[in-house]
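Step one of this worksheet: look at the structure below.
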Amino acid sequence: MKNLIIIITTLFVTVSFSQEKEEQDLLAIKKANSYVYEGNQLSKGEDFVTAEMEYRKAISENVSSAVGAYNLANAYYKKGSFEEALYRQQQVVQSSTSKAEKHKAFHNIGNILMQNKKCKEAVEAYKNALRNDPTDDETRYNFGLAKECAEQQKDQQDQNKDNKDNQDKQDENKDKQDQKDKDKEGDNKEDQKDKGDQDKKEGDDKKDEEGKPKEEKKDQDKGKEDTQNKDQQKPQPQPGKLSDQQIKSLLEAMNNQEQKVQEKMNAEKQKGVKVKTEKDW
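In our numbering, the protein residues as written are 162 to 442.
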């Protein structure tokens, strides 16, 4: 009996708690819808700042509801805040339980991506939108535009890649040619250096131990030879024969002696002394 009372009491509390939670959820949804309505009205009047505040209140009251996030995303889109709009639409996709809500969110995500020139990603978004609602002609039309845009972007990327490859190849060829020219210039400098070293070596070979050019030494040697030849050409004194210099010296000595004799004779003559003019035999 006691256990039965406990079970009945527990069921009563559980039912009461569930009813209370349901009433709270309904109240939250009601408040959220009210905030969404206010946000929609403000958004129509282009009061985006206040509309954003109302939509945020709606999201805080009912986190699981996609309406607040969806309308907030649309407000951001109208204001040109595409990154914020994309973030909120992605929230809608995660929180939505119906295909209709998911279709609208993916459709709007595709529109945002097209605004950001991300055509390839937009194609995938429109595909997801059509999976949730294949009958929407507007989504199908946007899907076709996104595909065409993605193909053009791919062609442009391929062209840019080819241009880059060609430019890289040209740069590589230019670098190779510059390296060849540099190597050639280095070889020319090396050849000039080798030639200079060879000329210097030849110049050193022409110098004697004293560092004078051998040509000068040769001329000096030649001068010495000429002097020796001249000395050899001079008459050399021979044994038993007087040289010209010796003869000249003897003549000067004889003249001096004769002058002395003449002076002596003059002196004797003045004294009256008879002088022999001839030699005795």
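Just so it is clear, CB atoms sit at the ideal spot from N, CA and C, and this is done for glycine as well.
Assigned exposure category for residue i - 16 Cβ within 10 Å defines buried
i	result
Lys354	exposed
Lys265	buried
Asn321	exposed
Gln331	exposed
Ser257	buried
Glu413	exposed
Glu377	Low per-residue confidence applies at Glu377: pLDDT is 46, beneath 50, and the placement is therefore not dependable, though the value from the model is reported in the following sentence. Classification of Glu377: exposed, given that the 10 Å Cβ count is below 16.
Glu183	exposed
Lys345	exposed
Asn232	buried
Gly241	exposed
Asn303	buried
Ala246	buried
Ala261	exposed
Lys375	Only weak support exists for where Lys375 lies, its pLDDT of 49 falling under 50; the coordinates are left without a value.
Asn324	exposed
Val253	buried
Gln406	exposed
Leu187	exposed
Met415	exposed
Leu274	buried
Gln318	exposed
Gln423	exposed
Gln202	exposed
Gln250	buried
Asn427	exposed
CA nearest to the CA of residue i, picked from the options
i	options	result
Ile220	Gly200, Ser204, Val210 and Tyr238	Gly200
Glu309	Glu299, Gln418 and Val284	Val284
Tyr196	Lys350, Val228 and Ala414	Val228
Lys218	Lys278, Lys192, Ser242 and Lys288	Lys192
Ala234	Asn223, Ser204 and Ser259	Ser204
Lys315	Lys288, Gln255 and Lys281	Lys281
Tyr237	Asp298, Glu222, Ser259 and Met214	Met214
Ala189	Gly206, Asp208 and Glu222	Glu222
Arg301	Asn289, Ala230 and Asp405	Asn289
Leu306	Gly271, Asp342 and Gln340	Gly271
Lys279	Gln313, Gln255 and Lys356	Gln313
Lys239	Lys263, Gln251 and Gln276	Gln276
Ala311	Ala286, Asp298 and Asp326	Ala286
Asp297	Asp342, Lys350, Lys263 and Asp339	Lys263
Tyr216	Ala230, Leu411, Glu207 and Gly206	Ala230
Distance cut-off 8 Å: residue i Cβ against heavy atoms of the ligand ZN
i	result
Gly347	With respect to small molecules bound, the structure shown includes none, and the ligand ZN cannot be examined in it.
> Is it true that the stretch 267 to 280 meets the stretch 293 to 307, where meeting means three or more beta-carbon pairs spaced less than 8 Å apart?
Replying inline: yes
> Quick one: complete alpha helix (DSSP H) runs, 4+ long, within the stretch 190 to 230?
Replying inline: 209 to 222
>> If we require 3 or more residues per run, which beta strand (DSSP E) segments fall completely within the stretch 260 to 288?
In response: none
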